[in-house]
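Engineer: With full-length UniProt numbering applied, the sequence shown covers 1 to 291.
In this text, a Cβ means the ideal position worked out from N, Cα and C, and glycines have one as well.
Note that the structure is predicted; figures quoted are calculated from it, not measured.
Can you keep this structure in mind? I'll have questions shortly.
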Amino acid sequence: MMVCSCALIAATSLMAKALGPLGSAALGIEGTPLHPMQVSAGRFGFAFLALLLILTVWRPRFHGIQWGTHAARSTVGWAGVSCMFAAAAHMNLADAMAISFLSPIFTMMLAIPFLGEKVGRWRWLAAAIALAGGMLIVRPGTDAFQIVALVALSAALLMGAEAILIKRLTSREPPFQILVVNNGIGAAIALTAVLFVWLPPTPAQWGVMALIGVTMLCAQTFFLQAMRRAEASYVIPFYYATLIFATFYDFVVFGDLPAWISVAGAALIVSGALLQVWREKLARERKAAAA
């Protein structure tokens, strides 16, 4: 299920790229390229519409909704998705996805002040390795540096912050309730923000935006089911298959391949993240043994 989620997440970024200036020109999509916030509005709006259809058949009872935490999570999540779509629209898709994988490192750092977690030297080493990989891809101070890479870095930071809020919600609310409330608030935020950048989409662009929304909803569902059926330490490493799918899609559709230094950077990011997962698993096992 996690592999299915990865394939779908990479597909949404590919479709976002197709609606941007580079993708529209390469694929010959009619109409003016859409602003990333408009693509983000399609993602949240159509996902919420799909959820409303589900709710007309299955009517679960919602209870104990943490509105403040949900509002913060949805705001940060919307901003992260918008930044991710902007990065995907203007740079190599594999590079954008690789930079976004720094989000667990930012989550670890933010967990210290916000969740009171203690971080040992191994997890700091994992963070250093991943950040070094990020710098290889971003390459600040060189001719290869792209300002849009900072947008991808912002997406990683925002998604890391979102993960902190998700941790708070999952301990108090059921997954489907979180999914519905998140997409509902996200749709309200996205559809308000898009008023400032709105351009009339063509029928093809409407179709792609609808597909992005439904695809992301399916990806979220697969992700939640995978997390429910198996331990996170087993499931999370498979999440990095997203990078493989993104590279494959980008090559097949746009003929783009990442530079060797970007591949090296991505390898460092994934290595650092997997080291962090391994250390977290060991810490949980030791804690369980001591209990």
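Per the contact definition of three or more C-beta pairs closer than 8 Å, is the stretch 252-263 in contact with the stretch 90-99?
Structural biologist: They touch, by the three-pair rule.
Engineer: Where do the ends of the alpha helix (DSSP H) carrying Pro175 lie?
Structural biologist: Along the sequence shown, read from residue 1 onward, the residue named residue 175 stands at position 175. It spans 175-193 - the alpha helix (DSSP H) in which Pro175 sits, taken as one unbroken run.
Engineer: Quick check on the burial criterion: 16 or more other C-beta atoms within 10 angstroms. Buried or exposed for Thr215?
Structural biologist: Walking along the sequence shown from the start, residue 215 turns up at place 215. Buried.
Engineer: With Pro36 and Ser24 assumed to form a contact (beta carbons below 8 Å), what rounded beta-carbon distance in angstroms separates them?
Structural biologist: Within the sequence shown, residue 36 is the residue found at index 36, counting from 1. Within the sequence shown, residue 24 is the residue found at index 24, counting from 1. Actually they are not in contact, since the Cβ atoms of Pro36 and Ser24 sit about 13 Å apart, beyond 8 Å.
Engineer: Between the Cα of Ala72 and the Cα atoms of Phe176, Cys218, Phe245, Val181, which residue gives the shortest distance?
Structural biologist: For the purposes of this step, residue 72 is taken as residue 72 along the sequence shown, with counting starting at 1. Nearest of Phe176, Cys218, Phe245, Val181 to Ala72, Cα basis: Val181.
Engineer: Please state whether DSSP places Phe101 in a helix, a strand or coil.
Structural biologist: For the purposes of this step, residue 101 is taken as the residue at position 101 of the sequence shown. Correct three-state label for Phe101: coil.
Engineer: Rounded to whole angstroms, how far is the Cβ of Ile99 from the Cβ of Leu153, which I believe are closer than 8 Å?
Structural biologist: Stepping through the sequence shown from its first residue, residue 99 is reached at position 99. Stepping through the sequence shown from its first residue, residue 153 is reached at position 153. Between Leu153 and Ile99 the Cβ distance is about 6 Å, and since that is below 8 Å, they are a contact.
Engineer: Can you tell me the Cα-Cα spacing of Val235 and Ser13, whole angstroms?
Structural biologist: Reading the sequence shown from its first residue, position 235 is the one you call residue 235. Reading the sequence shown from its first residue, position 13 is the one you call residue 13. Each residue's Cα considered, the two are about 22 Å apart.
Engineer: Can you give me the Cβ contacts of Ala149 inside the same chain, cut-off strictly under 6 Å, excluding the 5 residues immediately before and after it?
Structural biologist: Counting from 1 along the sequence shown, the entry for residue 149 is found at position 149. Closer than 6 Å at Cβ, skipping near neighbours: Val138.
Engineer: Does the distance from the C-beta atom of Glu162 to that of Val76 stay below 8 Å?
Structural biologist: Along the sequence shown, read from residue 1 onward, the residue named residue 162 stands at position 162. Along the sequence shown, read from residue 1 onward, the residue named residue 76 stands at position 76. In this structure, Val76 lies closer than 8 Å to Glu162 by Cβ.
Engineer: If you draw a straight line from the alpha carbon of Arg172 to that of Gly64, how long is it in whole angstroms?
Structural biologist: As a working note, residue 172 is residue 172 in the sequence shown. As a working note, residue 64 is residue 64 in the sequence shown. Near 8 Å, if we compare the C-alpha coordinates of Gly64 and Arg172.
Engineer: Touching or not, the stretch 121-137 and the stretch 42-54, by the rule of three or more beta carbon pairs under 8 Å?
Structural biologist: As far as the Cβ criterion goes, the stretch 121-137 does not touch the stretch 42-54, which means the pair count is below three.
Engineer: Would you please state the rounded distance, in angstroms, between the beta carbons of Ser40 and Ala210? I believe it to be under 8 Å.
Structural biologist: The residue given as residue 40 occupies position 40 in the sequence shown. The residue given as residue 210 occupies position 210 in the sequence shown. Their Cβ separation, rounded to whole angstroms, is 14 Å, which puts Ser40 and Ala210 out of contact at 8 Å.
Engineer: Taking only runs of the alpha helix (DSSP H) that begin and end inside the stretch 197-275, which ones reach a length of at least 4 residues, in chain order?
Structural biologist: Listed in chain order, they are 203-229, 232-239, 241-254.
Engineer: Please classify Thr107: is it buried, with 16 or more other beta-carbons within 10 angstroms of its beta-carbon, or exposed?
Structural biologist: What you label residue 107 is simply residue 107 of the sequence shown in a count that begins at 1. It counts as buried.
Engineer: Does DSSP classify Thr107 as helix, strand or coil?
Structural biologist: Reading the sequence shown from its first residue, position 107 is the one you call residue 107. Residue state, collapsed to three classes: helix.
Engineer: What does the alpha-carbon distance come out to for the pair Cys6 and Ser103?
Structural biologist: In the sequence shown, counting from the first residue as 1, residue 6 sits at position 6. In the sequence shown, counting from the first residue as 1, residue 103 sits at position 103. Spanning the two alpha carbons is a distance of roughly 16 Å.
Engineer: Buried or exposed for Trp58, please, with buried defined as at least 16 other CB atoms from any protein chain shown within 10 angstroms of its CB.
Structural biologist: As a first step, residue 58 is located in the sequence shown; it is residue number 58 there, counting from the start. Its Cβ having fewer than 16 others within 10 Å, Trp58 is exposed.
Engineer: May I have the straight-line CA-CA distance separating Phe248 from Ala16, to the nearest angstrom?
Structural biologist: In the sequence shown, the residue the question calls residue 248 occupies position 248. In the sequence shown, the residue the question calls residue 16 occupies position 16. So the alpha carbons of these two residues sit roughly 16 Å apart.
Engineer: Looking at Gln205 and Leu19, is the spacing between their C-beta atoms short of 8 Å?
Structural biologist: Within the sequence shown, numbered from 1, the residue matching residue 19 stands at position 19. Within the sequence shown, numbered from 1, the residue matching residue 205 stands at position 205. In this structure, Gln205 lies closer than 8 Å to Leu19 by Cβ.
Engineer: Give the DSSP-derived three-state secondary structure of Gln38 in the structure shown.
Structural biologist: Residue 38 sits at position 38 when you count from the first residue of the sequence shown. It is helical.
Engineer: Would you call the CB atoms of Gln225 and Met1 closer than 8 Å?
Structural biologist: Reading the sequence shown from its first residue, position 225 is the one you call residue 225. Reading the sequence shown from its first residue, position 1 is the one you call residue 1. For Gln225 and Met1, yes; Cβs fall inside 8 Å.
Engineer: Do you know offhand how far Leu169's Cα is from Ala273's?
Structural biologist: Counting from one through the sequence shown, the residue named residue 169 turns up at place 169. Counting from one through the sequence shown, the residue named residue 273 turns up at place 273. Their Cα atoms are separated by approximately 23 Å.
Engineer: What does the Cβ neighbour count give for Ala11, buried or exposed, with the cut at 16 atoms within 10 Å?
Structural biologist: In the sequence shown, the residue the question calls residue 11 occupies position 11. Classification for Ala11: buried.
Engineer: Give the range of the alpha helix (DSSP H) segment to which Gly160 is assigned.
Structural biologist: The sequence position of residue 160 within the sequence shown is 160, counting from 1. Note, Gly160: alpha helix (DSSP H), 148-170.
Engineer: Taking DSSP as the reference, what is the three-state secondary structure of Gly134?
Structural biologist: Here residue 134 corresponds to residue number 134 of the sequence shown, with the count starting at 1. Note: Gly134 maps to helix in three-state DSSP.
Engineer: What's the call for Thr242, buried or exposed, on a 16-neighbour Cβ count within 10 Å?
Structural biologist: Numbered from 1 along the sequence shown, position 242 holds the residue referred to as residue 242. Buried: at least 16 other Cβ atoms inside 10 Å.
Engineer: Where does Met1 fall in DSSP's three states?
Structural biologist: Residue mapping note: residue 1 aligns to position 1 of the sequence shown, counting from 1. DSSP places Met1 in coil when its eight states are reduced to three.
Engineer: Tell me whether Arg43 is buried or exposed, calling it buried when 16 or more other Cβ atoms sit within 10 Å of its Cβ.
Structural biologist: Reading the sequence shown from its first residue, position 43 is the one you call residue 43. That one is buried.
Engineer: When you compare only the Cα positions, how much space is there between Ile185 and Leu110?
Structural biologist: Here residue 185 corresponds to residue number 185 of the sequence shown, with the count starting at 1. Here residue 110 corresponds to residue number 110 of the sequence shown, with the count starting at 1. Near 23 Å, if we compare the C-alpha coordinates of Leu110 and Ile185.
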